[in-house]
Amino acid sequence: MTLPGGLPGGLPGDVSGGVPEIEFCEVRKVFPHVVANDGVSFRVNRGSIHAIVGENGAGKSTAMKILYGLYQADSGNVKIRGKVAHFSGPRDALAWRIGMVHQHFMLSASHSALDNVILGSEPTRTRFLPNSLRTIDRSQVLRDLEKISQEYGFVVPWTEPVANLSVGVQQRIEIIKLLVKNSEILILDEPTAVLTPQETDDLFARLKQMVKQGKTVLVITHKLREVIDFADSVTVFRQGRVVGNHLVKEITLGSLAEEMVGRKVKSVRASGPVETSDQVARPESTTLALEFSQVTVLPHDSKKALLSQLSFRVKAGEILGIAGVEGNGQSEVLTAVLQPKTLSGRLSGEIKFFGEPTVNLSALEMRKRGLAFISDDRHRESVLLDHSLIFNRLLGFQFKEKYITRAGNVRWAEVSKDTERLIEEFDVRPREAENLMSALSGGNQQKFVIGREVEFSPRFLVAAQPTRGVDIGAIEAIHTRLREVRNSGIGILLISSELEEILALSDRIIVLCDGRFMGEYDPKAVTEKELGLAMGGAKNG
Amino acid sequence: MADGEIKLNSSPPRSHRSRYSVSLKIQALLRSIVSVVVGLSLGLLVTAVAGENPIRVLGILAKGSFGSVYDFSMTLFYSAPLVLSGLSVAMAFQCGLFNIGAEGQLTASALAAAAAGIAWKQSFGLNLGWVGQSTGVLFCLFAGFLAGAFVGWIPGILKAKRQSHEVINTIMLNFIVTSFTSWVALYWLKNPDSQNPETAEISRALFFAPAAWAGGAPLSYALLLAPIAVFVVWWVIFRTRLGFEIRAVGANPDAARAGGISVERTQIIAMTLAGAIAASVGVIEVLGNSAKFKVGFSPGFGFTGIAVALLGRNHPVGVLASGLLFGALHKGSGDLDFETENVTRDLAQILQALVILSVCAEGLWRWIKWKR
Chain A
2 MTLPGGLPGG LPGDVSGGVP EIEFCEVRKV FPHVVANDGV SFRVNRGSIH
52 AIVGENGAGK STAMKILYGL YQADSGNVKI RGKVAHFSGP RDALAWRIGM
102 VHQHFMLSAS HSALDNVILG SEPTRTRFLP NSLRTIDRSQ VLRDLEKISQ
152 EYGFVVPWTE PVANLSVGVQ QRIEIIKLLV KNSEILILDE PTAVLTPQET
202 DDLFARLKQM VKQGKTVLVI THKLREVIDF ADSVTVFRQG RVVGNHLVKE
252 ITLGSLAEEM VGRKVKSVRA SGPVETSDQV ARPESTTLAL EFSQVTVLPH
302 DSKKALLSQL SFRVKAGEIL GIAGVEGNGQ SEVLTAVLQP KTLSGRLSGE
352 IKFFGEPTVN LSALEMRKRG LAFISDDRHR ESVLLDHSLI FNRLLGFQFK
402 EKYITRAGNV RWAEVSKDTE RLIEEFDVRP REAENLMSAL SGGNQQKFVI
452 GREVEFSPRF LVAAQPTRGV DIGAIEAIHT RLREVRNSGI GILLISSELE
502 EILALSDRII VLCDGRFMGE YDPKAVTEKE LGLAMGGAKN G
Chain B
16 MADGEIKLNS SPPRSHRSRY SVSLKIQALL RSIVSVVVGL SLGLLVTAVA
66 GENPIRVLGI LAKGSFGSVY DFSMTLFYSA PLVLSGLSVA MAFQCGLFNI
116 GAEGQLTASA LAAAAAGIAW KQSFGLNLGW VGQSTGVLFC LFAGFLAGAF
166 VGWIPGILKA KRQSHEVINT IMLNFIVTSF TSWVALYWLK NPDSQNPETA
216 EISRALFFAP AAWAGGAPLS YALLLAPIAV FVVWWVIFRT RLGFEIRAVG
266 ANPDAARAGG ISVERTQIIA MTLAGAIAAS VGVIEVLGNS AKFKVGFSPG
316 FGFTGIAVAL LGRNHPVGVL ASGLLFGALH KGSGDLDFET ENVTRDLAQI
366 LQALVILSVC AEGLWRWIKW KR
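In order, the protein sequence lines correspond to chains A and B.
Just so you know, we're using this note's numbering here: the first sequence kicks off at 2 and counts up by one.
Just so you know, we're using this note's numbering here: the second sequence kicks off at 16 and counts up by one.
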C-alpha cells in the first residue's frame, strides 16, 4: 500500500503531465531539543485534495509552516511546480501562490467581511493623491467578490461586521481571501475542528469544486473519517517522519488509524504484565470516587455541545483512562471535575464526588474535598515559574492548617521542610528548595508537581497528559509513581492523547470524540487500531 | 533573574542550601543600586553641560537634604507621602494590577478625614479629654481609610466582575474624585474665614503639631504612619496566606485558580488594600500637616508613587529606600536655586526621570545579553 517515494503520476484530475504541484524532498527541521521533521518526502498533484494526518506533535504543522514560509527547512527542499522554492516568509509563499487558512482565523472582528478581504491591498481611486489619502474603491471589489462567490457557491453577507458572522462563514471569508489573491495552493489547518457536521460537508463540497478548477488543496486534519470521505490522497506523519503516502481509494479507515498511531508501540506496554499480576493482587474496591451521569456542557455562544451526555464512573484504586484526540471534550471534562462552579448554567447532568453532588463547587472546595490535579499545561496551571519551589509547594495547599496559623500567617518553616522532603523523595533535581521553578527542567518540574499533588494523600487524582514535555527518563518514573498512587487505593482519572500511555496505565479506557462517549474498552483486550478508530470518530463495533 | 539561572543548574552541596536565594536577593539589590548610580551620574553630567561642577552640585544636594536636623526632617516630611503611595502601587503590582489611582484614593481620603475632623469639632467642641482626642483621631483615620479603600474597591470589583481594565478605571476615577472633592470642599465644607479653596479646620485637639526636635520642619508624629505601613505591608505580603494568594495571582492567575485561589476575590482585596494604603497619605496631610482639606494639596504624590514602586521593585523595603531617595532629591534640589548660577530645583525631576529610565533600561540590558 505504501508507495515509496510518493505517488505515481497520472491521478484522476491530474492535468500537470506528471510534474507534482508540491514536492517535499527529504526535508529536515530541528528545533532546540526536538527534531520536528526528518526525511519528510511527499508529492501532491495538481487538482487534488491532499490530507496530512498525524497525532499531535507528529510534525505535520511544521511541514506546512515550511511550505507557507513561516519556517525554513534545515536541509532538503520544497519544489513547487517542479522548481525548488526558497521562502523567507509568507510573502514569498504568496508569490508562489500558496495561501493558508490558519486554525485560528486572522480576521478583524469589527471590520466588514469585505474590508477583511481587501485589507492590506485596498484598491483605490483618485490616483493623483498620495497612496494613503486615496479613497477605497469598494464597489469594484464587491463585483469581483460576487463573481467568485457565485463560481464556488459561497454565500457571504459582505457588508456585515465579521463579529456578527458564524464561524463557518468566517472560514469562507478566509478562503475567499486566498482566492482573491489567486492562490493556487490552499493549506487548511484543521478546517473542520470548529465546524458542525453540516458545515463540514458543505466545506468539502466547495473544496471539491475548487479542485475541479485546478486548485490544489492541502488539509491538515486528525479526523480520519474526513480523509476517507473527501480526500484524494493522504500523507501520514508520525514522530516527525512520513510513514506513508497513499491514494485514499486504496486504503481503509482501519489501516489509516493503525498507521497514524504506529505499530511499533510495544515498548511502553511491555511493562504491562508485571502490573497485571499486581492488579490481580489488589482487592476490588467498591467505593465510587467520581461519577458522571449524562453530563452535557454547552459553550457560551453556539449550540454545539462541547460534551454531550457523558457518563462514566471511577472507583477508588483504579485508573480510568480517557483516550481521544485533543480538543474533543477533554478540557471540558477537566473543568467539570475541577471547577464545577465556572460551568454553572452551561452544565447539565450530574457529577458526584464520593457520592456528593459537586454542583457549583469552586476549585478550592474541590481541593478541600481531597481532589488533586496534574495539569496538561504545566506552565499555565501548575507552577509559578518566577517563584521558588517552596512558594510553589504551598500553591493549592494554602488552606491546610498545617501551613497556616489561625491568624492567617504562613508557616514558611513548615512549608520549607516539606519541600525539602518532597524533592528528596520524588528525586527532583537539583535538590535546592530555594531555586526558582524556572531553573528546573520540564521533567523535574513535573516530578515536583506530582509529588506536591500526591503527598498529602488525596482522595482522588486527575492527571492530564502527565508526561507531556517530559524527557524519556522521567516518563517511566512518573508512570511508576502513578501506579503506586493507584495501588495505595486512590482513584485516578487519566486524560491523555498518547495511546501508549493510556494503554500502559489504565485499568479501563473510555474514548471521547467530539465530546461524545465512543465506547469503553479493556486495555488488555483492545487493540490500538480499535482505539484509533474510535478516536477518529468511527463508531464502536 | 536571567543571569542567576545558569549557575543554578549545577547541583549545589546541601550545606549551602540558602546560598542561591540570598545571592539572588543581593543581585536584585545590586542592580537597583547600579541603576540609581547610573541615573544620578547621567543627571549630574547634565549639570556639567550647563556649566556647573557636578561634584559641587552633588554636594549641595547632599547638604540640602541631610545637612542639618531641619534639612533631614524636611526630607522625611517629603518622603513619607511618597513611600505610602509607592506602597499602594506596589501592593497592587504584587497582585498583577496597575494602580494609577493612588492620587484619587489619597484625595478622597483627605477629604473624608477632614470632614470627620470637622464633624468631631462641631459635635464635641474643642476641649476634649485624652479619650476624646484619641477616639477622634481614630475616627478620622477610619473615615480616611474607608474613603480610600472604597475608591480602590471600585476598580477592583469592576476588574473582577466585568473584566474592565483597572488602568482605565483608576485614571478615570482620579478625575471623578478630584472634581467631586473640590465640589464638596467649596460648597459644603467651605472655610468661611478663607479666600482659598479649602475646607474649614478640623478640631485642633486632633491635630499632630510638628515635633519640637524637628528644627522647625513640619514633621509631626502622624508621619510615623509611613514606617508602620512599610512593616504591615511587608508582613501581609510575605508572611500571610492573603499575601501568598496575592502574589500567586500576580504571578499566574491560571495556576492560582487551579490551586483553589479565587482570583476575583484576591484582586478585589488587593485593590481595596492599595486604596487604603494610599489613603494614609491623605490622612497624614490632614492630621499632620494642614489640619484641613486643601483643593489640589497633592503635587501628584499618587503618580510619583508609581515611580517609587518601580524603583523599589514592589518590595516594601525597596519602596522605603526609593521613597527616601526621591524625598531627598526633592528637598536637596530646593537649594540649587540660590546656590548655583545655572541649575534650578527642576534638576530633581530630571534626576528622578533618569533614575527611572535606567531602572527600565535594565530590561534592555538583559535583552542585549540575550541577543548575544
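We put the beta carbon where it would ideally sit given N, CA and C, even for glycine.
Contacting positions in the segment 262-296 of chain B - beta carbon closer than 8 Å to chain A: Result list: Arg262, Ala263, Ala266, Asn267, Asp269, Ala270, Ala271, Arg272, Ala273, Gly274, Gly275, Ile276 and Ser277.
Arg256 (chain B) at chain A interface by Cβ criterion, 7 Å: The beta carbon of Arg256 (chain B) sits closer than 7 Å to some beta carbon of chain A.
Interface flag, Phe113 (chain B) vs chain A, CB-CB below 7 Å: Answer no: the Cβ-Cβ gap between Phe113 (chain B) and chain A never drops below 7 Å.
Starting from Asn78 (chain A), trace the beta strand (DSSP E) both ways and give me its first and last residue. Ser76 to Ile81 is the extent of the beta strand (DSSP E) around Asn78 (chain A).
For the alpha helix (DSSP H) containing Ile320 (chain A), name the first residue and the last one. Segment Ile320 to Ala324 is the beta strand (DSSP E) holding Ile320 (chain A); no alpha helix (DSSP H) there.
Can you round the beta-carbon distance between Ala306 (chain B) and Met106 (chain B) to whole angstroms, since I take them to be within the 8 Å contact cut? Going by Cβ atoms, the distance from Ala306 (chain B) to Met106 (chain B) rounds to 28 Å, so no, they are not a contact pair.
Where in the segment 23-54 of chain A do unbroken runs of the alpha helix (DSSP H), each at least 4 residues long, occur, reported from the N-terminal end onward? Scanning the segment 23-54 of chain A for uninterrupted alpha helix (DSSP H) segments of 4 residues or longer gives nothing; none is fully contained.
Taking 7 Å as the CB-CB cut-off, is Gly492 (chain A) touching chain B? For Gly492 (chain A), the closest Cβ of chain B is not nearer than 7 Å.
Quick one: which chain B residues come within Cβ less than 9 Å of Ile451 (chain A)? Among the residues of chain B, none has a CB under 9 Å from the CB of Ile451 (chain A); the nearest is roughly 14 Å distant.
List, in order along the chain, the chain B residues whose C-beta lies closer than 7 Å to that of Ile405 (chain A)? By Cβ distance, chain B contributes Arg256.
Could you tell me whether any Cβ in chain A is nearer than 7 Å to the Cβ of Phe165 (chain B)? Closer than 7 Å: no.
Comparing alpha-carbon positions, which option in B:Gly151, B:Ala128, B:Cys375 and B:Arg360 lies nearest Thr214 (chain B)? It is B:Ala128 whose Cα lies nearest to the Cα of Thr214 (chain B).
Using DSSP with H/G/I as helix, E/B as strand and the rest coil, what is Ser103 (chain B)? For Ser103 (chain B), the three-state secondary structure derived from DSSP is helix.
Given Ala266 (chain B), which residues of its chain have a CB within under 8 Å of its CB, disregarding the five upstream and five downstream residues? Contacts found: Gly111.
What's the gap between the Cα of Leu532 (chain A) and the Cα of Tyr69 (chain A)? It is roughly 33 Å from the alpha-carbon of Leu532 (chain A) to the alpha-carbon of Tyr69 (chain A).
C-alpha distance - Arg82 (chain A) paired with Ala114 (chain A), whole-angstrom precision: If I take the Cα positions, the gap works out to 32 Å.
If you draw a straight line from the C-alpha of Ile252 (chain B) to the C-alpha of Ile292 (chain B), how long is it? If I take the Cα positions, the gap works out to 13 Å.
Between B:Ala363, B:Gly116 and B:Met187, which lies nearest to Ser100 (chain B) when the distance is taken from Cα to Cα? Its Cα nearest to that of Ser100 (chain B), the residue B:Gly116 stands out among B:Ala363, B:Gly116 and B:Met187.
Glu357 (chain A) at chain B interface by Cβ criterion, 7 Å: Taking Cβ atoms only, chain B never reaches closer than 7 Å to Glu357 (chain A), which makes this a no.
Check whether chain B comes within 7 Å of Asp233 (chain A), counting only Cβ atoms and requiring the distance to be less than that. Not closer than 7 Å to any Cβ of chain B, the Cβ of Asp233 (chain A) fails to qualify, so no.
Roughly how many angstroms lie between the CA atoms of Ile276 (chain B) and Val146 (chain B), to the nearest whole one? Whole-angstrom Cα-Cα distance: 42 Å.
Start-to-end residues for the alpha helix (DSSP H) that takes in Val192 (chain B): For Val192 (chain B), the uninterrupted alpha helix (DSSP H) run begins and ends at Glu181 to Tyr202, by DSSP.
Going by Cα to Cα distance, which pick from B:Gly320, B:Ala162 and B:Lys136 is closest to Leu126 (chain B)? Taking only the C-alpha atoms, the option nearest Leu126 (chain B) is B:Ala162.
Taking its Cβ as the centre, do 16 or more other Cβ atoms sit within 10 Å of Gly11 (chain A), making it buried, or is it exposed? Here Gly11 (chain A) scores only 37 on pLDDT, less than 50, and its place in the model is too uncertain to base an answer on.
Closest to Pro524 (chain A) by C-alpha separation, out of A:Trp159, A:Arg207, A:Asp515 and A:Leu500, would be which residue? Nearest C-alpha to Pro524 (chain A): A:Leu500.
Could you pull out every unbroken beta strand (DSSP E) segment of at least 3 residues lying fully inside the segment 305-381 of chain A, listed in chain order? Runs of the beta strand (DSSP E) inside the segment 305-381 of chain A: 308-316, 320-324, 348-354 and 372-375.
Give the secondary structure of Cys375 (chain B) by DSSP, where H, G and I count as helix, E and B as strand, and everything else as coil. Here Cys375 (chain B) sits in helix by DSSP.
So, is Lys216 (chain A) buried or exposed, given that buried needs 16 or more other C-beta atoms within 10 angstroms? The residue is buried, with at least 16 neighbouring Cβ atoms inside 10 Å.
Residues of the segment 364-396 of chain A with Cβ closer than 7 Å to any Cβ of chain B, in chain order: Under the 7 Å Cβ criterion, the segment 364-396 of chain A contributes Ala364, Leu365, Arg368, Phe374, Ser376, Arg381, Glu382, Ser383, Val384, Leu385, Asp387, His388, Ser389, Leu395 and Leu396.
Using the beta-carbon of each residue, which ones in chain A are nearer than 9 Å to Glu260 (chain B)? Listed along chain A are Gln399, each with a C-beta nearer than 9 Å to that of Glu260 (chain B).
Can you list, in chain order, the residues of its chain whose CB lies under 6 Å from that of Leu248 (chain A), leaving out five sequence neighbours each side? Hits under 6 Å: Ser234.
Would Ala535 (chain A) be called buried (16 or more neighbouring beta carbons within 10 Å of its own) or exposed? The residue is buried, with at least 16 neighbouring Cβ atoms inside 10 Å.
Using a Cβ-Cβ cut-off of less than 7 Å, give me the residues of the segment 411-427 of chain A that come near chain B, in sequence order. For the segment 411-427 of chain A, the set of positions with a beta-carbon nearer than 7 Å to some beta-carbon of chain B reads Val411 in chain order.
Opposite Phe461 (chain A) in the DSSP bridges: which residues? By DSSP's assignment, Phe461 (chain A) forms a beta bridge with A:Leu372 and A:Gly492.
Cβ of Gly409 (chain A) within 7 Å of any chain B Cβ: Gly409 (chain A) counts as touching chain B.
Return the Cβ separation of Ser498 (chain A) and Gly325 (chain A) in integer angstroms, given the expectation that the two are a contact with Cβ distance under 8 Å. Right, the Cβ-Cβ distance comes to about 7 Å (below 8 Å), so this counts as a contact.
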